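>
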Amino acid sequence: MKSQRIEPILVLYTTSGCHLCEQAETLVRQQTAWVGTVEIVDDAELLERYGVRIPVLRRPDTGGELNWPFDAAGVRRLLSDHPSD
23 MKSQRIEPIL VLYTTSGCHL CEQAETLVRQ QTAWVGTVEI VDDAELLERY GVRIPVLRRP
83 DTGGELNWPF DAAGVRRLLS DHPSD
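Counting in my numbering, the sequence shown runs from 23 upward without gaps.
(1) Would you mind sorting Ala46 into buried or exposed? The rule is 16 or more other CB atoms within 10 Å of its CB.
(2) Where does Arg99 fall in DSSP's three states?
(3) Quick check: the Cα distance between Glu70 and Asp64, rounded to an integer number of angstroms?
(4) CB-CB under 6 Å to Tyr35, same chain, minus the five flanking residues each way: which ones, in chain order?
(5) Could you give the first and the last residue of the continuous alpha helix (DSSP H) run that contains Thr48?
(6) Which residues bound the alpha helix (DSSP H) around Arg80?
(7) Is it the case that the Cβ atoms of Val50 and Pro82 are separated by a distance below 8 Å?
This is the structure:
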């Protein structure tokens, strides 16, 4: 049986050594396991876009973003947003 790779619903843009990013990841993982992290320093475009804003939580299918500081209610709202058709 083939295993399928499941894409995360949420993406947390982060960088190493960022204590706020660690706090954000802990908070988000308490709400959902469907989160992936992206290290922005590895991508010049992401670094320019998110460099001074991290941690940023993004829902790729809707384009919705939360800038830090966010709370559990904000994460739940982002999760409940429906993709636009």
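Quick reminder that beta carbons are idealized off the backbone N, C-alpha and C, glycines included. Here the structure is a predicted model, which is why all the values come from computation and not from measurement.
Taking the definition as stated:
(1) buried
(2) helix
(3) 11 Å
(4) Val60, Ile62, Tyr72, Ile76, Val78
(5) 41 to 53
(6) No alpha helix (DSSP H) contains Arg80, which is instead part of the beta strand (DSSP E) from 78 to 81.
(7) no
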